[in-house]
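To start, the structure under review is shown below, and the notes come after it.
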């Protein structure tokens with residue numbers, strides 16, 4: 001009789017699986033350790049014991065990163081399913097009334113940068129709650145909350161004053177973005193890529209260009225930051241963008257390039273009045289995500 005048949009199989013630990021998934025997703029032991037709130041040495045020990053338990057190598061390591069082996073890829077699928085089942089099971093007992101649908105609205109830049117991680121963490125904590133996300137202009141999202149067509153709006157606003165019926169989560173720097181080694185910012189009139197009417201960034205950028213006496217023309221019009229970046233990377237125009245989006249083949253332009261300083265803008269949160277528990281739980285996850293960003 002096979003030895004494994006004589007003895008009970010070892011049990012996988014949820015904490016170890018969380019660590020394994022974190023390493024697989026980040027490709028780095030140190031970054032994964034920060035994600036699961038452990039030291040790098042503790043994470044290495046967990047993976048070593050896991051590999052010994054399963055009798056195989058899960059990661060290929062080099063000086064810069066780690067990658068999954070074929071056995072590691074196989075385990076990743078099982079690990080995600082096991083954690084999901086564990087969370088669903090526990091929530092049925094501990095959070096039997098926490099269910100329903102929460103409607104969230106956000107501008108595209110927040111939807112691209114913040115929401116995926118927020119939704120991932122929330123689903124792990126509250127698997128019985130569904131979150132529906134709408135992407136659109138900040139003012140439109142806030143109006144929908146006022147009209148009870150959305151439960152939560154994450155929005156961008158100018159830094160002057162406290163937004164009505166909302167709270168400030170953090171401030172971001174707004175800058176002019178241009179193509180690396182590009183010349184669009186030297187042209188007269190200045191070709192600018194902007195959002196459609198109703199965007200707070202557009203109105204502010206236009207006002208500051210006019211105040212600086214800089215002639216400009218709208219060379220590219222889109223409601224999405226992906227469109228703005230495409231125009232910039234093609235060398236067709238410059239664009240006002242959050243500083244964190246200026247990366248890769250884009251560079252930050254400023255007063256030394258004859259462009260006005262754009263200052264900062266706010267990222268805020270608006271929650272429907274008399275919000276039920278699931279809505280409040282999503283709002284708390286959003287707050288936590290922005291709090292984490294500010295300490296990085």
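Numbering (UniProt numbering), first residue to last: 1 to 296.
Yeah, the Cβ is synthetic: ideal placement off N, Cα and C, and Gly gets one too.
Residue span of the beta strand (DSSP E) that contains residue 303, given as start and end:
Residue 303 falls outside the range modelled here, since the chain spans only 1 to 296, and no answer is possible.
According to DSSP, residue 266 sits in a beta bridge with which residue or residues?
For the purposes of this step, residue 266 is taken as residue 266 along the chain shown, with counting starting at 1. According to DSSP, which records beta bridges pairwise, residue 266 is partnered with 157 and 171.
For a quick check, are the C-beta atoms of residue 268 and residue 157 less than 8 Å apart?
Numbered from its first residue, the chain shown carries residue 268 at position 268. Numbered from its first residue, the chain shown carries residue 157 at position 157. Less than 8 Å separates the beta-carbon of residue 268 from that of residue 157.
Do residue 225 and residue 245 count as a contact pair if the criterion is CB distance below 8 Å?
One-based indexing of the chain shown puts residue 245 at position 245. One-based indexing of the chain shown puts residue 225 at position 225. Yes, Cβ-Cβ distance for residue 245 and residue 225 is below 8 Å.
May I ask you to list the residues that DSSP assigns as paired with residue 122?
Walking along the chain shown from the start, residue 122 turns up at place 122. Per DSSP, none; premise fails for residue 122.
Pair within 8 Å by beta-carbon distance, residue 145 and residue 102:
As a working mapping, residue 145 is identified with position 145 in the chain shown. As a working mapping, residue 102 is identified with position 102 in the chain shown. Judged by their CB atoms, residue 145 and residue 102 are not nearer to each other than the 8 Å cut-off.
In the structure shown, what three-state DSSP assignment does residue 68 receive?
For the purposes of this step, residue 68 is identified with residue 68 of the chain shown, where counting begins at 1. Of the three classes helix, strand and coil, the one that applies to residue 68 here is strand, per DSSP.
Pair within 8 Å by beta-carbon distance, residue 238 and residue 271
Working through the chain shown from its first residue, we reach residue 238 at position 238. Working through the chain shown from its first residue, we reach residue 271 at position 271. Going by C-beta atoms, residue 238 is not nearer than 8 Å to residue 271.
With contact counted as at least three CB pairs below 8 Å, one residue from each stretch, are the segment 79-94 and the segment 12-30 in contact?
Yes, the segment 79-94 touches the segment 12-30.
Contact under 8 Å by Cβ, residue 129 with residue 86:
Here residue 129 is taken as the residue at index 129 of the chain shown, counted from 1. Here residue 86 is taken as the residue at index 86 of the chain shown, counted from 1. It is not a contact, given that the beta carbons lie outside the stated cut-off.
Based on Cα-Cα distance, which residue from 120, 205, 255 and 182 lies nearest to residue 286?
In the chain shown, residue 286 corresponds to position 286, counting from 1. Checked all of 120, 205, 255 and 182; the closest Cα to residue 286 is 120.
Give every residue of the same chain whose Cβ lies closer than 6 Å to the Cβ of residue 216, excluding the five residues on either side of it in the sequence, and list them in chain order.
Counting from one through the chain shown, the residue named residue 216 turns up at place 216. Correct list, in chain order: 189, 190, 192 and 209.
Given residue 301 as reference, the closest of 127, 141 and 51 once Cα atoms are compared:
Residue 301 cannot be examined here, being either before or after the span of the chain that is shown, 1 to 296.
I'd like the list of long-range same chain contacts for residue 170, defined as Cβ closer than 8 Å, with 5 residues on each side in sequence excluded.
For the purposes of this step, residue 170 is taken as residue 170 along the chain shown, with counting starting at 1. For residue 170, where only same-chain residues beyond five positions count, the Cβ hits under 8 Å are 266, 267, 290, 293 and 294.
For the alpha helix (DSSP H) containing residue 109, list its first residue and its last residue.
As a working mapping, residue 109 is identified with position 109 in the chain shown. Per DSSP, the unbroken alpha helix (DSSP H) holding residue 109 starts and ends at 108-113.
Pick helix, strand or coil for residue 260, following the three-state DSSP scheme.
In the chain shown, the residue the question calls residue 260 occupies position 260. If DSSP states are grouped into helix, strand and coil, residue 260 belongs with coil.
Let me know the beta strand (DSSP E) ranges lying completely inside the segment 187-216, each 3 residues or longer, listed in chain order.
Segments of the beta strand (DSSP E) lying fully in the segment 187-216: 190-194.
Under 8 Å between the Cβ atoms of residue 76 and residue 24?
Position 76 of the chain shown, counting from 1, holds the residue named residue 76. Position 24 of the chain shown, counting from 1, holds the residue named residue 24. Yes, they are a contact pair.
Would residue 58 pass as a contact of residue 47 if the rule is Cβ separation under 8 Å?
Within the chain shown, the letter at position 58 stands for residue 58. Within the chain shown, the letter at position 47 stands for residue 47. Cβ distance < 8 Å, so residue 58 and residue 47 count as in contact.
Taking the alpha-carbon positions, what's the residue 105 to residue 288 distance?
Taking the first residue of the chain shown as position 1, residue 105 is located at position 105. Taking the first residue of the chain shown as position 1, residue 288 is located at position 288. Across the structure, residue 105 and residue 288 are spaced so that their CA atoms are roughly 17 Å apart.
Helix, strand or coil, according to DSSP, for residue 16 in the structure here?
One-based indexing of the chain shown puts residue 16 at position 16. In this structure, residue 16 counts as helix in the three-state DSSP scheme.
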